[in-house]
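Number of protein chains: 2
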Amino acid sequence: MNGSVKAVTGTDARRERWDGHRADRRREFVEAALRVLESGGTDLPMEAVAAQAGVTKPVLYRYFADKAALVDALAERGSQILLSRLMPAINSDGPALARIRAAVGAYFAVIDEHPDLYRLLARRPGTDGAQASTERDKELISTTLTAVISDALCRFGLGSGGAEPWAHGVTGLVHSTGEWWLRRRSMSRTRVVEYVTALIWSAFTGILREGGIVLGPQDPVPACRVPAAGRPAGTGSPPALDPAAGPIPGGGTG
Amino acid sequence: MNGSVKAVTGTDARRERWDGHRADRRREFVEAALRVLESGGTDLPMEAVAAQAGVTKPVLYRYFADKAALVDALAERGSQILLSRLMPAINSDGPALARIRAAVGAYFAVIDEHPDLYRLLARRPGTDGAQASTERDKELISTTLTAVISDALCRFGLGSGGAEPWAHGVTGLVHSTGEWWLRRRSMSRTRVVEYVTALIWSAFTGILREGGIVLGPQDPVPACRVPAAGRPAGTGSPPALDPAAGPIPGGGTG
DNA sequence: AGTAACTGTTACTTCAAGTCACATACCGTC
DNA sequence: GACGGTATGTGACTTGAAGTAACAGTTACT
Chain H
863 MNGSVKAVTG TDARRERWDG HRADRRREFV EAALRVLESG GTDLPMEAVA AQAGVTKPVL
923 YRYFADKAAL VDALAERGSQ ILLSRLMPAI NSDGPALARI RAAVGAYFAV IDEHPDLYRL
983 LARRPGTDGA QASTERDKEL ISTTLTAVIS DALCRFGLGS GGAEPWAHGV TGLVHSTGEW
1043 WLRRRSMSRT RVVEYVTALI WSAFTGILRE GGIVLGPQDP VPACRVPAAG RPAGTGSPPA
1103 LDPAAGPIPG GGTG
Chain E
863 MNGSVKAVTG TDARRERWDG HRADRRREFV EAALRVLESG GTDLPMEAVA AQAGVTKPVL
923 YRYFADKAAL VDALAERGSQ ILLSRLMPAI NSDGPALARI RAAVGAYFAV IDEHPDLYRL
983 LARRPGTDGA QASTERDKEL ISTTLTAVIS DALCRFGLGS GGAEPWAHGV TGLVHSTGEW
1043 WLRRRSMSRT RVVEYVTALI WSAFTGILRE GGIVLGPQDP VPACRVPAAG RPAGTGSPPA
1103 LDPAAGPIPG GGTG
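For the record, the sequence lines run as chains H and E.
Our numbering puts the first residue of the first sequence at 863, with every later residue one more than the last.
Our numbering puts the first residue of the second sequence at 863, with every later residue one more than the last.
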């Protein structure tokens, strides 16, 4: 009889049996790596990861070409964790300020829960240098933020040329403050969050104000529909801040 | 006769002969390392540095305990280069906006000239982790900025409690945008500088505005006298941005 | 039974960091 | 002029982690 898979699909079922299994296995190792990070310290020896997963190095190397690949996977995991907390906050309804505060709060909550992962990804060991997947995680976040900012600017009828640099800027702002806070913890989390929120809020409203728009803390902004991934940024010019050096309306004395 | 040093100072002159020589020698190696960075790539093998200096490893190791120490020295050098361009810009006279622009411009000019050094210091290899001189350079810059911001806030009669987180935030803002720009160079330098300046300017004026002070692009701020090193930040609370909402919604506990 | 895909192991190579043992040069002291 | 303290330098080593090679067992489809 031929209930045999081969007869039905035309391929040897011994091949397909394992499809998708790789992904599971990789996840296992990522979990193991996370456990090593939690217990261990700042570095992440491959041997320890393998041991934590209950096997030896060569097995690990069957699923990750090298250490950079593992760290990459960790980065992706980290980004997922972060974005899954960040996006609901950013996309929540409510006034803009509350959303910024929620997003910043979520960010600090995440790094508070996963300090080791954060530190690992912050300064990549293993990712030696330039080309190979340079910081796909931060890039992913910045890209997402680019879309959000770009969207917001468009809604106010402003050029979105600044979206990309500003997204990277804000990402770095939060990131650096986060690193500093983790290192020192010289103030409560709610307090840092409040300070960071104030800074971003000021920056945001200030940019709008340059475009002639005044936004109050309670004013709503239509929720962003985040597009699939960041468009490379639209067009527009940097605001001509300095009335002496160019056009643009009545100096910031609003 | 005894023109001998020992007779005069009480110590063997064979000891003092070398005082201060170490510093010179270390400088030599730092130069060599810079040359390696320029020609080579992203990594910095000790052997290459030694070779570049015309000697072998053990000699290098007589002046630097380990690689981290060398990188530290490079970081210090980098900070010096950066601060020597940054501080005149920040402390120049002229309106606040112009000074911010000059400072941001100086920053980008420096990283444009020393991209490899910048990249090395951005993600420290060798500095394994926690304790040993964690990023003395960025810390130094942030500390200096803390002083500047703190000073500025005081001049406007505002609490300086936010100076430290904001300093780290702004440092990170510029840093991240710089990294992104170096990687991509998708816009001209003057353009990024303008965008970053706009963001910082907005943040700055916004913070002042929360304190009831309106600052225009042309308005001067008394030049900062920068104290020797950053005071640990003063006192004050985060601005209560949201008159309606009391405590924090997002993120959970502090 | 034969075999394609996995499972896993021990033992190796490689490479850079860092150390050891040893040899030489300068120059002030005696 | 011999002595010796501080430097100069080298080649050969050790160590540790990344990554590889060769080999052996298991499962389930053909």
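For every residue, glycine included, the Cβ atom is placed at its ideal position computed from N, Cα and C.
Is the shortest distance between the beta-carbon of residue i and the beta-carbons of chain H less than 8 Å?
i: Y1057/E; result: yes
i: L899/E; result: no
i: A1060/E; result: yes
i: G991/E; result: Note on G991/E: pLDDT 43, under 50, position unreliable in the model; no value is reported.
i: A1107/E; result: Note that A1107/E scores 44 on pLDDT, short of 50, meaning its location in the model is unreliable and no value can be drawn from it.
i: I1003/E; result: no
i: A1090/E; result: Any answer about A1090/E is weak, because its pLDDT of 46 lies below 50 and its placement is not dependable; what the coordinates show is given next. Not one chain H Cβ lies under 8 Å of A1090/E.
i: G1113/E; result: Confidence at G1113/E is low in this model, with a pLDDT of 39, below 50, so its placement is unreliable and the value that follows should be read with caution. Cβ-Cβ to chain H under 8 Å: yes for G1113/E.
i: A1009/E; result: no
Would you say residue i reaches chain E, if we count a Cβ-Cβ gap shorter than 8 Å as a contact?
i: S995/H; result: Low local confidence applies: a pLDDT of 48 at S995/H is under 50, so the model's placement there is unreliable, and no value is given.
i: A887/H; result: This sequence places Arg at residue 887/H; Ala is not what is there. With 8 Å as the cut-off, R887/H does not count as an interface residue toward chain E.
i: R998/H; result: no
i: D978/H; result: no
Since residue i contacts residue j with CB under 8 Å, what's their CB separation in whole angstroms?
i: Y847/E; j: R961/E; result: Residue 847/E lies beyond the residue range present for chain E, which begins at 863 and ends at 1116; the question has no answer from this structure.
i: Y959/H; j: L899/H; result: Before going on, a small fix: residue 959/H reads as Leu here, not Tyr. 35 Å between Cβ atoms; not a contact.
i: I952/E; j: V1010/E; result: 6 Å
i: L1122/E; j: G1034/H; result: This structure does not reach residue 1122/E, given that chain E is present from 863 up to 1116, and the question cannot be answered.
i: L932/E; j: A895/E; result: 6 Å
i: V1083/H; j: R1017/H; result: 7 Å
i: P1100/E; j: E1041/H; result: With 8 Å as the limit, P1100/E and E1041/H do not qualify as a contact, their Cβ atoms being about 19 Å apart.
i: L1044/H; j: L979/H; result: The pair is not a contact, with the Cβ atoms about 11 Å apart (cut-off 8 Å).
i: T1039/E; j: G1021/H; result: No, T1039/E and G1021/H are not in contact; Cβ-Cβ is about 18 Å, not under 8 Å.
i: A1065/H; j: S1064/E; result: 5 Å
i: V1054/E; j: P950/H; result: Between P950/H and V1054/E the Cβ distance is about 31 Å, and since that is not below 8 Å, they are no contact.
i: V972/E; j: R947/E; result: 6 Å
According to DSSP, residue i sits in a beta bridge with which residue or residues?
i: P1082/H; result: P957/H
So with CB distances below 8 Å, who are the chain H contacts of residue i?
i: G1065/E; result: For the record, residue 1065/E in the displayed sequence is Ala; it is not Gly. Within chain H, the residues near A1065/E are L1061, I1062, S1064, A1065 and G1068.
i: G1024/E; result: Y1057, A1060 and L1061
Below 7 Å on C-beta distance, what does residue i contact in chain H?
i: E890/E; result: Those within 7 Å of E890/E in chain H number zero; the least Cβ separation is about 26 Å.
i: R1017/E; result: Per Cβ cutoff of 7 Å: no residues; R1017/E is ~18 Å from chain H at best.
Run through chain E and tell me which residues come within less than 9 Å of residue i, C-beta to C-beta.
i: R1053/H; result: G1023, P1027, S1099, P1100 and G1116
i: E1072/H; result: A1060, W1063 and S1064
Under 7 Å from any heavy atom of the ligand MN, does the C-beta of residue i make it?
i: P1082/H; result: Here there are no bound small molecules, and the ligand MN is not part of this structure.
query = Which residues, in order along the stretch 1030-1044 of chain E, keep a beta-carbon less than 9 Å from a beta-carbon of chain H?
reply = Listed by position, the residues of the stretch 1030-1044 of chain E near chain H (Cβ gap below 9 Å) are H1030, G1031, V1032, T1033, G1034, L1035, V1036, H1037, S1038, T1039, G1040, E1041, W1042 and W1043.
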